[in-house]
Amino acid sequence: MQHEPQHALLDVLDEPAFVVDLTGGIAFSNRAAGSLFGSADRGGSLLDLVEQPHEALIHFLWRCSGTSHPLPGAATLRDTSGALTRFRLRGARIRMENTPLVFVRCLHSQRDQFPILAAKIRELNAEIHQRRRIQAALEESLRSNEVLLRELHHRVKNNLQMLIALMAGAQRETSSVEARLVLEEAIQRITALGSLQRLMHESQDLKAISSSSFVHAICDATATTISDRLRMEVHADDSELAHDAAVPLALILNELLTNAAKHAGCRTGGSVRVELFNQNPGWELVVHDNGPGLPPDPKHRRFSGLGLVSGLCRQLGASLDIKNDDGARFVIRFGR
């Protein structure tokens, strides 16, 4: 045949392919077409293989004859067994022996013409499914951790309240004035820590709390234990205070307020001013009462009063500045 090289190229295709005229007459069919539809070749017609109506196929062939770019179409074809199969058609104009013909490829509707893309899509779907499973597991773990954290805060709160109740009971039963004072100081410190713990529990941030909320919470907690002996004036900005700095700072502030109550609270009109500001970088806590001030060389035990404040400042990596300025003025500076 004159066009055997072109025919050999069409035989490479794994889908049925025909070269037909504008009436559907078959000029050539490749090996895949012969295997599926029989030896339809010159003299046969593509219309013989197509389920009625034929007009749609004729219209498709005429449209394809006007362009060399493949146009989409569809047809239901009958194979050698008589079974009907829906095919997607791709047709374009070609020219053989100076005769206008149409090259038609029959793509099985159920066959995936993009195996590599389909495999990638399957891989992506599997990965998405796996990621969703991992996300669901993480969300469940997060919910469990939140429940455990709430339970932990609840137990800590209950334990602190029980400890305060036990100390208060012991304070009422003891006849020793010194023991009663020691127990009172311990109750004040635990009350301050309980107030801080409650604030941490209510906060949505696991690493920091509001500095303003912190100062007001500790001052309010201390005020419940020193009665109305001292008027408090509180000023603080609303920055983020790290949890690891808040614990020693709560005890420091409680000790300084208790100290102010002992001195400034003994006089009429006793007051204390509390300030906490983020100096960026670093923090500054100021506690200034209007009492008589501190003696030049105050005597104190290591784990009470100012001795405890000094130890907590070292733990916090803070500097402590004490001076008399119309009362005792304490300035604590730290860098977290």
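Taking this note's numbering, the leading residue of the sequence shown gets 90, the next gets one more, and so forth. Each residue gets a CB set at the ideal place from its N, CA and C atoms; glycine is no exception.
Item to check | Pairwise C-alpha distance: threonine 112 and glutamine 91 | outcome: Confidence at glutamine 91 is low in this model, with a pLDDT of 46, below 50, so its placement is unreliable and no value can be given for it.
Checklist entry - What does a CB cutoff of less than 8 Å around glutamine 250 pick up in its chain, not counting 5 residues either side in sequence? => result Gly283
Next on the checklist: DSSP three-state label for glycine 394, please.
Outcome noted: helix
Next on the checklist: Rounded to whole angstroms, what is the Cα-Cα separation between glutamate 322 and valine 304?
Outcome noted: 11 Å
Checklist entry - Do you know how far the Cα of isoleucine 223 is from the Cα of aspartate 419? => result The sequence shown places phenylalanine at residue 419, rather than the aspartate named in the question. Using only the alpha carbons, I get a separation of about 53 Å.
Item to check | Runs of alpha helix (DSSP H) wholly within the stretch 121-195 (minimum 4 residues, chain order) | outcome: 144-153
Next on the checklist: If I follow the unbroken alpha helix (DSSP H) through asparagine 348, where does it start and stop?
Outcome noted: 332-352
Checklist entry - Is there at least one non-hydrogen atom of the ligand MG closer than 6 Å to the beta-carbon of glycine 382? => result The ligand MG is not among the ligands present in this structure, which contains no ligands whatsoever.
Item to check | Opposing strand residues paired with leucine 409 [DSSP bridges] | outcome: Ile421
Item to check | Nearest-angstrom Cα separation, counted from methionine 256 out to leucine 272 | outcome: 6 Å
Checklist entry - Which same chain residues, not among the five before or five after serine 301, have their C-beta less than 6 Å away from its C-beta? => result Ala325 and Asp327
Checklist entry - From what residue to what residue does the alpha helix (DSSP H) around leucine 272 run? => result 266-291
Checklist entry - Are there 16 or more other CB atoms within 10 angstroms of the CB of tryptophan 151, so buried, or fewer, so exposed? => result exposed
Checklist entry - Leaving out five residues before and five after phenylalanine 392 in sequence, what residues of the same chain have Cβ atoms less than 6 Å from its Cβ? => result Any reading at phenylalanine 392 must be qualified, since the residue scores a pLDDT of 39, below 50, and its modelled position is unreliable; the value itself is stated next. Around phenylalanine 392: no qualifying Cβ.
Checklist entry - Counting along the chain, where does the beta strand (DSSP E) carrying valine 109 start and finish? => result 106-109
Next on the checklist: Given this structure, state the Cα-to-Cα distance separating lysine 412 from asparagine 367, to the nearest angstrom.
Outcome noted: 22 Å
Item to check | Range of the contiguous alpha helix (DSSP H) that encloses serine 328 | outcome: Where serine 328 is concerned, there is no enclosing alpha helix (DSSP H), given that its DSSP letter is neither H nor E.
Checklist entry - Using the rule of at least 16 other Cβ atoms within 10 Å of the residue's Cβ for burial, across every protein chain shown, is asparagine 248 buried or exposed? => result exposed
Item to check | alanine 163 vs arginine 177 beta-carbon contact at 7 Å | outcome: yes
Checklist entry - Where does the unbroken alpha helix (DSSP H) through aspartate 437 begin, and where does it stop? => result The question about residue 437 has no answer here: the residues shown for the chain are numbered 90 through 425.
Next on the checklist: On a Cα-Cα basis, can you pick out the residue from Ile210, Ala121 and Asp137 that is closest to leucine 196?
Outcome noted: Ala121
Checklist entry - What's the call for threonine 347, buried or exposed, on a 16-neighbour Cβ count within 10 Å? => result buried
Item to check | glycine 114 - partner residues in DSSP beta bridges | outcome: Ser134
Checklist entry - Contact check, alanine 297 vs leucine 330 under 8 Å by CB: the rounded distance? => result 6 Å
Checklist entry - At what residues does the beta strand (DSSP E) containing asparagine 38 begin and finish? => result This structure leaves residue 38 out entirely; the chain is present only between 90 and 425.
Item to check | Three-state secondary structure assigned by DSSP to valine 376 | outcome: strand
Checklist entry - Sorted by chain position, which residues of the same chain lie with C-beta nearer than 8 Å to isoleucine 279's C-beta, five sequence neighbours on each side aside? => result Leu249, Leu252, Ile253 and Met256
Checklist entry - Sorted by chain position, which residues of the same chain lie with C-beta nearer than 6 Å to histidine 389's C-beta, five sequence neighbours on each side aside? => result With a pLDDT of only 48 at histidine 389, under 50, the local geometry of the prediction cannot be trusted, and the value read off the model is given with reservation. Closer than 6 Å at the Cβ level, and outside the excluded window around histidine 389, lie Leu395 and Gly396.
Checklist entry - How should aspartate 415 be labelled, buried or exposed, when 16 other C-beta atoms within 10 angstroms of its C-beta is the threshold for buried? => result exposed
Next on the checklist: Considering only DSSP beta bridges, list what histidine 324 is partnered with.
Outcome noted: Glu364
Checklist entry - Name the DSSP beta bridge partners of histidine 243, please? => result DSSP lists no partner for histidine 243.
Checklist entry - Is the CB-CB distance between arginine 194 and alanine 106 below 7 Å? => result yes
Item to check | CB-CB length for asparagine 379 against glycine 359, believed under 8 Å | outcome: 7 Å
Item to check | Expected contact under 8 Å - CB spacing of leucine 138 and phenylalanine 149 to nearest Å | outcome: Not really, about 14 Å apart at Cβ, beyond 8 Å.
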